[in-house]
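In full-length UniProt numbering, the protein residues as written are 1 to 291.
See structure below.
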């Protein structure tokens, strides 16, 4: 069976071309003929870069979506001709600075951070942003991104959520492996927040700021060591799912804020001797309940 050089899928803005071999003129022409609005280059899906270089994309000035995943590529400067991009994903270790002023319509971005890319924070149409290795101590550099609805920050030096008060439209917030973050102070301003995920932020000791976030539906607090209490979740009437497993330990042991509710929540947690509610299932150290 002959392996396809490129496959086509339904994308966010139209037809997505997934490149599954080394780039060549035949692939370029085929994508042009199909009228694709998005292209994905991913080494795990078969794309092979030629001599460490990213191909020229001058033939695609209308492209709306671009995704690049390759940890060994050396330069991706050719992306800057794509002035109409709405979605851009860059998972590379190359040091090419990204001139985000070239993408005034950008709505969605995933970025493996690199130096000289601060123009990202002037893309005021952004609604969905993921940054790995965000380089600053707080969120004030992002204060102009007031349209954000989804924000994900992983593996960062972030120490404070100061500045998050500018992002009142956020519905989903993910914070992962932030070893310097000591508090969720500021999150109380996110009145539209529906989904909160906190993973491996082990200096956070309480979640008191969640008390008045009435639109919360899902709260995940995993691998975060000692958390004082789940009581701030008690009166959140829209809550549907709560997870607190791995190293997360609820210090006061009171699980009634999440277990004594109608309708019942989807829930998962590590069983611990001091917890108020125990379940007999010796074959597992984790308790899981689905509605």
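Virtual Cβ for every residue (Gly too), placed ideally from N, Cα, C.
Nonlocal neighbours in the same chain, by C-beta distance under 6 Å from residue i, ignoring five residues either side
{"i": "residue 98", "result": "117"}
{"i": "residue 320", "result": "A query on residue 320 cannot be resolved here, the shown segment of the chain reaching from 1 to 291 and no further."}
{"i": "residue 231", "result": "257"}
{"i": "residue 19", "result": "6, 41, 47"}
{"i": "residue 194", "result": "171, 215, 217"}
{"i": "residue 124", "result": "144"}
Proximity of residue i and residue j at Cβ, strictly below 9 Å
{"i": "residue 30", "j": "residue 63", "result": "no"}
{"i": "residue 181", "j": "residue 150", "result": "no"}
{"i": "residue 106", "j": "residue 137", "result": "no"}
{"i": "residue 53", "j": "residue 21", "result": "no"}
{"i": "residue 177", "j": "residue 156", "result": "yes"}
{"i": "residue 167", "j": "residue 196", "result": "no"}
{"i": "residue 243", "j": "residue 213", "result": "no"}
{"i": "residue 189", "j": "residue 218", "result": "no"}
{"i": "residue 88", "j": "residue 65", "result": "yes"}
{"i": "residue 92", "j": "residue 77", "result": "no"}
{"i": "residue 61", "j": "residue 83", "result": "yes"}
{"i": "residue 154", "j": "residue 187", "result": "no"}
{"i": "residue 207", "j": "residue 228", "result": "yes"}
{"i": "residue 121", "j": "residue 141", "result": "yes"}
DSSP three-state assignment for residue i, whether helix, strand or coil
{"i": "residue 174", "result": "strand"}
{"i": "residue 137", "result": "coil"}
{"i": "residue 60", "result": "coil"}
{"i": "residue 43", "result": "helix"}
{"i": "residue 208", "result": "helix"}
{"i": "residue 120", "result": "helix"}
{"i": "residue 259", "result": "helix"}
{"i": "residue 277", "result": "coil"}
{"i": "residue 78", "result": "helix"}
{"i": "residue 25", "result": "helix"}
{"i": "residue 225", "result": "coil"}
{"i": "residue 2", "result": "At residue 2 the pLDDT is 44, less than 50, meaning the model places this residue with poor confidence; the figure from the coordinates comes in the next sentence. Three-state DSSP puts residue 2 in coil, outside helix and strand."}
{"i": "residue 32", "result": "helix"}
{"i": "residue 73", "result": "coil"}
{"i": "residue 100", "result": "helix"}
{"i": "residue 199", "result": "strand"}
{"i": "residue 112", "result": "strand"}
{"i": "residue 125", "result": "coil"}
{"i": "residue 188", "result": "helix"}
{"i": "residue 231", "result": "helix"}
{"i": "residue 9", "result": "strand"}
{"i": "residue 38", "result": "strand"}
For residue j and residue i, believed in contact at Cβ under 8 Å, the rounded distance
{"i": "residue 216", "j": "residue 239", "result": "6 Å"}
{"i": "residue 234", "j": "residue 257", "result": "4 Å"}
{"i": "residue 126", "j": "residue 143", "result": "That belief does not hold up - the Cβ atoms of residue 126 and residue 143 are roughly 12 Å apart, past 8 Å."}
{"i": "residue 110", "j": "residue 139", "result": "About 17 Å; that fails the 8 Å criterion."}
{"i": "residue 67", "j": "residue 108", "result": "10 Å between Cβ atoms; not a contact."}
{"i": "residue 173", "j": "residue 209", "result": "Contact doesn't hold; Cβ gap of about 12 Å is too wide."}
Nonlocal neighbours in the same chain, by C-beta distance under 7 Å from residue i, ignoring five residues either side
{"i": "residue 58", "result": "81"}
{"i": "residue 226", "result": "205, 249, 251"}
{"i": "residue 119", "result": "99, 100, 101"}
{"i": "residue 23", "result": "50, 55"}
{"i": "residue 2", "result": "Because residue 2 carries a pLDDT of 44, less than 50, the predicted location of this residue cannot be relied on, and no value is offered for it."}
{"i": "residue 135", "result": "113, 157"}
Cβ of residue i within 9 Å of any chain C Cβ
{"i": "residue 19", "result": "Of the protein chains in this structure there is only one, and it is not chain C."}
8 Å CB neighbourhood of residue i in its chain, flanking five on each side removed
{"i": "residue 201", "result": "175, 176, 177, 178, 179, 181, 224"}
{"i": "residue 16", "result": "8, 9, 10, 36, 37, 38, 39, 40, 65"}
{"i": "residue 94", "result": "73, 74, 75, 76, 114"}
{"i": "residue 203", "result": "179, 180, 181, 182"}
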